[in-house]
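For reference, each letter of the sequence shown is one residue, going 24 to 83 in our numbering. Glycine residues also receive a C-beta, built at the ideal position from the N, C-alpha and C atoms.
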Amino acid sequence: MNEQFILKTKQIVREWMATLSVKELVTNKKLSVTFERIEALLSKLEEHETKGLGNERYAN
């Protein structure tokens, strides 16, 4: 997966989250959990992408 894609997706998710009010985020637990899971998944993908690039660098 492309690191730029991951970073762009994170940016889009954060921008979308910023359009919601604090009240919406606090009162809607499912929404909050969904955003937390998306952030966690994107962080894992970013970490995996970074490790993959590092391994390729040493392989060449």
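- When Cβ pairs closer than 8 Å are counted between the two stretches, the stretch 27-34 is seen not to touch the stretch 43-58, the count staying below three.
- For F58 against M40, the beta-carbon gap comes to about 6 Å, under 8 Å, which counts as contact.
- Look at T50 here: in three-state DSSP terms it is helix.
- With respect to the 8 Å criterion, E72 and E26 are classified as neighbours on the basis of their beta carbons.
- One alpha carbon belongs to L64, the other to L30, and they sit about 12 Å apart.
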